[in-house]
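A short worksheet on the structure shown next.
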Amino acid sequence: MSILKWRLVCVLITPGVALAGGFQLNVQGQKALSMGEAGTALSKDASVLFFNPGGVSLLRNKFNFTAGTSIIIPNISLQTEAVANTNQTSPIGTPIQFYATAKLNEKASLGFAVNNQFGSTSSFDKDWEGKFIVQKLALKTFMYQPTFSYNINSRIGVGAGFVYTSGSFEFEKAVPVATAQYDNGQASLKGNGTGFSYNAGIQGILLKPDTTKWVSSLKAGFSYRSPIKLSLINGTAAFTDISVALQDQFPAQTSFNAQLTLPGVYSLGLQSNIRINEKINIDVVIDYNRTMWSSYDSLKIDFSNAETPDSKIAKNWKDVSTFRIGAGINYNKILSIRLGAYYDQTPVRDGYVSPELPDNTNIAFTAGVGIELMENLSVDISWLVSDFKRTASLEDAGFSATYHRNVNVIGFGLNYTIK
Amino acid sequence: MKLIRAIVLLFVILLFTTCKKEFDTPIYTQGTADFTNYIAVGNSLTQGYQNGGVYEEGQRNSYPSIIARQMKLVQPAMNEFVQPYFFGTGSGYIHLEWKNSTIQVVKPEDSGGYKEDPSFENISYVGQPLSNLGVSGIKLIGTCADPAIVGDNYNCYLLADNNPYGKRMFDLGQPATPNYYLNDVVKSNPTFFTCWLGANDILGYATHGGNVLGISILGTPFYVYGLSDPNEFRKKYDRTLDSLTKNGAKGVVATIPNVTSIPFFNLIKLEDIKGSDGALLDIFIKTDNGVRLATDEDRILLPVASKLNKFLTDSLYDNGVSVEDSIGNIILVYSPTPYGLGPTNPIKNNEVLDKDEFVKIAPALAALNAEIKASAAAHNIPVVDMENYLQNFESGFAISGVNYSTKYIEGGVFSLDGVHPNARGYAILANKFIDAINTYYHSNIPPVNINKYKGIVFP
Chain A
901 MSILKWRLVC
911 VLITPGVALA
921 GGFQLNVQGQ
931 KALSMGEAGT
941 ALSKDASVLF
951 FNPGGVSLLR
961 NKFNFTAGTS
971 IIIPNISLQT
981 EAVANTNQTS
991 PIGTPIQFYA
1001 TAKLNEKASL
1011 GFAVNNQFGS
1021 TSSFDKDWEG
1031 KFIVQKLALK
1041 TFMYQPTFSY
1051 NINSRIGVGA
1061 GFVYTSGSFE
1071 FEKAVPVATA
1081 QYDNGQASLK
1091 GNGTGFSYNA
1101 GIQGILLKPD
1111 TTKWVSSLKA
1121 GFSYRSPIKL
1131 SLINGTAAFT
1141 DISVALQDQF
1151 PAQTSFNAQL
1161 TLPGVYSLGL
1171 QSNIRINEKI
1181 NIDVVIDYNR
1191 TMWSSYDSLK
1201 IDFSNAETPD
1211 SKIAKNWKDV
1221 STFRIGAGIN
1231 YNKILSIRLG
1241 AYYDQTPVRD
1251 GYVSPELPDN
1261 TNIAFTAGVG
1271 IELMENLSVD
1281 ISWLVSDFKR
1291 TASLEDAGFS
1301 ATYHRNVNVI
1311 GFGLNYTIK
Chain B
1310 MKLIRAIVLL
1320 FVILLFTTCK
1330 KEFDTPIYTQ
1340 GTADFTNYIA
1350 VGNSLTQGYQ
1360 NGGVYEEGQR
1370 NSYPSIIARQ
1380 MKLVQPAMNE
1390 FVQPYFFGTG
1400 SGYIHLEWKN
1410 STIQVVKPED
1420 SGGYKEDPSF
1430 ENISYVGQPL
1440 SNLGVSGIKL
1450 IGTCADPAIV
1460 GDNYNCYLLA
1470 DNNPYGKRMF
1480 DLGQPATPNY
1490 YLNDVVKSNP
1500 TFFTCWLGAN
1510 DILGYATHGG
1520 NVLGISILGT
1530 PFYVYGLSDP
1540 NEFRKKYDRT
1550 LDSLTKNGAK
1560 GVVATIPNVT
1570 SIPFFNLIKL
1580 EDIKGSDGAL
1590 LDIFIKTDNG
1600 VRLATDEDRI
1610 LLPVASKLNK
1620 FLTDSLYDNG
1630 VSVEDSIGNI
1640 ILVYSPTPYG
1650 LGPTNPIKNN
1660 EVLDKDEFVK
1670 IAPALAALNA
1680 EIKASAAAHN
1690 IPVVDMENYL
1700 QNFESGFAIS
1710 GVNYSTKYIE
1720 GGVFSLDGVH
1730 PNARGYAILA
1740 NKFIDAINTY
1750 YHSNIPPVNI
1760 NKYKGIVFP
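As you go down the protein sequences, you meet chains A and B in turn. So the first sequence is numbered by the numbering used here: it starts at 901 and just counts up by one. So the second sequence is numbered by the numbering used here: it starts at 1310 and just counts up by one.
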């Protein structure tokens, strides 16, 4: 007899968990970033390890080191019919980059890269309107990429890297069950996971450097970074402020498994150098990226406690294109002023836009400077701004809002070379 | 120098673009409506009845008080919205407790129940100006008397006199010369109103299992829990709207929700009633045509659940005796026969809405809602189609990250009485009213953040 024993099938994780479009961090090299992040055909510093392993063997110096960081300053606000303004309380993000390459001989090079290719931390006040969708969502990834590159001849370099990813995932939301004491329960999930993938590319010199010509060089590049299946095994889930009557479903402590697939990316790029005079020349770069976000069709969280309802959230993202263009004016080899822009399609369809990382098709602008401090030491400073508004809903959760996302990224990089 | 200038310029732009990108609070407007004196007219739903009673906390979350709070943002100078608070536990109400590792529904009369508050007996708001005129139990046809109906003024008095809330709020007059509810409505002199009357003209019939309780007044038969006659309903609805709009007031009215989709009629399913061996048990019901086995088309009312449950958790009755009944079925017989489990102790007529009674509801509902819409149209008053809106709830719905349904307790929007919404449910209804007001009167009253209101309160 079970009339009075209701099984509460409260949907624990309502369909809100999104690691939205912005969670690919396109801030992996300061020179490229200043020029619309179009780096597929560039081989100016060791960050080529990320953009195109094929270009590593085309670097001039024997040893190249690049280290940098980006300071991501998000300002994300949203408006609903009921609440005029809610600000995300997301912290400033500081992804890092470290790249090192070494020539083994004329033909072969080795490299090692460490960076944070995906990640985001979005947070809100605990009691905000959408607390049952998300209060905090953080994804951090560290990629470690040993790389081998080889120039087939003086024009063509190929390369490939093995990528080991370690990631951490943190998710907090309110559970929609109240007691006299608490307006809602609280769920907190934390997990770590690893994944493997590869990064391969080819760079080819179409026009060899020729200082007598107006277009003094032309280079093309193609690279592919494979998708990363990040498995979060045995993460911990904690439920607090839960009614004594519901602790079977929402125990103080249980564990969970989840998997999410970070997308593969195809990139195609061109770089040209235009010579103005003896002292001044201009680099022009264009890139096309295809990011296979359709791999992110759902996010599943399986709890080890049988009574806790598992969660499967439809994401239904789509593959998207990004078009990048940039230019850098180089003066007498000691100063570069760079500008760029890119047009970035959003993978998030209408009806799937979640408040933690609203995303929209947008145009971002970039700028930066490069200064040679010494013959073998240079510094790059970059800046990126992206700004958009989008009115959209997360249909499964019954949540609609107008979002305003403004993101500024300031980056610093240091390059050291040994001849 | 060029370099320094470029860098300075860069940071100036940077500073400019990192300013907060917040949204401004919209400029609120009352549109063509005047909320100076907002009056709410209606029944228990309007009074803020939940969990089987009226008490201060519930009243503070009544949909009219929620609407009034939002109206105040639009028109800060509006009158204070006055509600007749029943303090403490008020009339008494149902709550949940955790006992013997199960969730138990504790009624006011049960041990440990939240009983009627001592202040309830002495409280009186008679003669005080009230803004929320919602009275639990009131029928639309009880709001005024039709001179064409013999003894109708007695009916109205009886309806009100039987009402534990009405007599604490209004001067009822004398049986022969009652003071009708509509007189108080006129006196309230609204500039704006919401009117949600009519549910009890159907619900009373349904919650009493189609047992209409016939009495005779001056020789005229009168059915306390009857389904209201559409013609009489229309006449009195017109009079209600005449009263409300007399001084040019604007407002909205709402249709009657489909009462049969509420948990009160849907919690008990025959497939869930099983003996200790897991086998389905036969349930007997009393109908107007005698005692018979219950079928899936009969709706056994929610209060029966605790009676069945008591038996089924009581080991005394675990060992029934199998016998063959008159038509050759093997049935379990208990001694004494537990409630509902034998033809000698069937579920009472007024605790089951049997299939013959159930089918009368849909046409009655359609007829009364058609009259509401026609009357409203004749008075140029917009209609909130609650019947239609709440119909959509049956298949489940999500608002701001929470999934709801019309299921008892787990559905999240109905209170423990299985008939009335809980605080969050009322907030959802308030937003529906606000939406209709804004649409028709070109105002922009902001809806409420419903997640600020509690749903079911677990032990």
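Note that the Cβ used here is the ideal one computed from N, Cα and C, for glycine as well. Quick caveat, the model's predicted, so the values are computed rather than measured.
**Asked** In the DSSP assignment, what are the bridge partners of asparagine 1015 of chain A?
**Response** A:Gln997 and A:Met1043
**Message:** For a contact defined as C-beta to C-beta under 7 Å, what are the partners of asparagine 987 of chain A on chain B?
**Reply:** Glu1331
**Message:** Count Cβ pairs between the region 1536-1553 of chain B and the region 1586-1600 of chain B that sit closer than 8 Å; are there 3 or more?
**Reply:** no
**Item:** Beta carbon of serine 1131 of chain A nearer than 7 Å to that of tyrosine 1098 of chain A
**Value:** no
**Prompt:** In angstroms, rounded to a whole number, what distance separates the CA positions of valine 1115 of chain A and lysine 944 of chain A?
**Reply:** 18 Å
**Stretch pair the region 1433-1451 of chain B + the region 1471-1489 of chain B: three plus CB contacts closer than 8 Å** = yes
**Message:** Quick check: proline 1572 of chain B and tyrosine 1717 of chain B, are their CB atoms within less than 7 Å of each other?
**Reply:** yes
**Message:** Can you look up lysine 1763 of chain B in the DSSP assignment and give me helix, strand or coil?
**Reply:** Here lysine 1763 of chain B sits in coil by DSSP.
**Asked** Excluding sequence positions up to five away, which residues of its chain have a Cβ less than 8 Å from the Cβ of glycine 1340 of chain B?
**Response** Asn1747, Tyr1750, His1751, Ser1752 and Asn1753
**Message:** Which residues does DSSP list as the beta-bridge partners of arginine 1601 of chain B?
**Reply:** B:Ile1594.
**Asked** Are the region 1148-1157 of chain A and the region 922-935 of chain A touching by the rule of at least three beta carbon pairs closer than 8 Å?
**Response** no
**Asked** First and last residue of the beta strand (DSSP E) that includes threonine 1266 of chain A?
**Response** For threonine 1266 of chain A, the enclosing beta strand (DSSP E) stretches over residues 1262-1274.
**Request:** Specify whether the region 1037-1045 of chain A and the region 1005-1024 of chain A touch according to this definition: at least 3 beta carbon pairs, one from each stretch, less than 8 Å apart.
**Result:** With the cut-off at 8 Å, the region 1037-1045 of chain A and the region 1005-1024 of chain A touch.
**Request:** Could you please give me the residues that DSSP links to asparagine 1051 of chain A through a beta bridge?
**Result:** A:Gly1057
**Prompt:** Which chain C residues are close to proline 1768 of chain B, counting only those with a beta carbon under 9 Å from its beta carbon?
**Reply:** Note that chain C does not occur in the displayed structure, where the protein chains are A and B.
**Asked** In the DSSP assignment, what residue or residues form a beta bridge with glutamine 1359 of chain B?
**Response** B:Gly1362
**Message:** Closest to leucine 1257 of chain A by C-alpha separation, out of A:Leu1168, A:Val1220 and A:Tyr1303, would be which residue?
**Reply:** Ranking A:Leu1168, A:Val1220 and A:Tyr1303 by Cα distance to leucine 1257 of chain A puts A:Tyr1303 first.
**Item:** Straight-line gap, tyrosine 1050 of chain A to phenylalanine 1096 of chain A (C-alpha atoms, nearest Å)
**Value:** 22 Å
**Request:** Enumerate in chain order the residues of its own chain whose CB-to-CB distance from isoleucine 972 of chain A is below 6 Å, with the five nearest sequence positions on each side excluded.
**Result:** Gly993 and Val1309
**Asked** For glycine 1734 of chain B and chain A, any beta-carbon pair shorter than 7 Å?
**Response** no
**Message:** For serine 1709 of chain B, would you say it is in contact with chain A, using Cβ-to-Cβ distances shorter than 7 Å as the test?
**Reply:** yes
**Asked** Quick one: what does DSSP say alanine 1145 of chain A is sitting in, helix, strand or coil?
**Response** In the structure shown, alanine 1145 of chain A sits in a helix (DSSP, three-state: H, G or I).
**Prompt:** What do you reckon, are the CB atoms on tyrosine 1372 of chain B and tyrosine 1698 of chain B nearer than 7 Å?
**Reply:** no
**Alpha-carbon spacing of lysine 1233 of chain A relative to glycine 1240 of chain A, whole angstroms** = 20 Å
**Item:** Touching by the beta-carbon criterion (3+ pairs, under 8 Å), the region 933-940 of chain A and the region 950-964 of chain A
**Value:** The region 933-940 of chain A is in contact with the region 950-964 of chain A.
**Message:** Using a 10 Å radius around the Cβ and a threshold of 16 neighbouring Cβ atoms, would you call threonine 1266 of chain A buried or exposed?
**Reply:** buried
**Message:** Does any residue of chain B have a CB that is nearer than 7 Å to the CB of valine 983 of chain A?
**Reply:** yes
**Request:** Starting from lysine 1664 of chain B, follow the alpha helix (DSSP H) in both directions and report where the run begins and ends.
**Result:** 1664-1667
**Message:** When you compare the CB positions of asparagine 1678 of chain B and glutamate 1696 of chain B, do they come within less than 7 Å of one another, or not?
**Reply:** Taking 7 Å as the cut-off, the Cβ atoms of asparagine 1678 of chain B and glutamate 1696 of chain B count as close.
**Request:** Within its chain, find whatever has a CB closer than 7 Å to the CB of threonine 1646 of chain B; leave out the 5 residues flanking it on each side and keep chain order.
**Result:** Within its own chain, the residues whose Cβ lies closer than 7 Å to the Cβ of threonine 1646 of chain B, once the five positions on either side in sequence are excluded, are Thr1653 and Asn1654, listed in chain order.
**Asked** For leucine 1039 of chain A, which option in A:Ser1143, A:Ile1052, A:Ser1066 and A:Thr1291 has the closest C-alpha, if you only look at C-alpha atoms?
**Response** In terms of CA proximity to leucine 1039 of chain A, A:Ser1066 leads the group A:Ser1143, A:Ile1052, A:Ser1066 and A:Thr1291.
**Request:** Using only alpha-carbon positions, find the residue among A:Ala1074, A:Ile1213 and A:Gly1091 that is nearest to serine 1367 of chain A.
**Result:** For residue 1367 of chain A there is no data in the structure shown, the boundaries of chain A being 901 and 1319.
**Prompt:** So, is threonine 1486 of chain B buried or exposed, given that buried needs 16 or more other C-beta atoms within 10 angstroms?
**Reply:** exposed
**Request:** Taking only beta-carbon positions, decide if alanine 1297 of chain A is within less than 7 Å of chain B.
**Result:** Closer than 7 Å to the CB of alanine 1297 of chain A there is at least one CB belonging to chain B.
**Request:** Consider the Cβ of isoleucine 1033 of chain A: report whether some Cβ of chain B lies at a distance smaller than 7 Å.
**Result:** Output row for isoleucine 1033 of chain A: interface = yes.
**Prompt:** Straight-line CA distance for glycine 1313 of chain A to serine 934 of chain A?
**Reply:** The straight-line gap from Cα to Cα measures roughly 11 Å.
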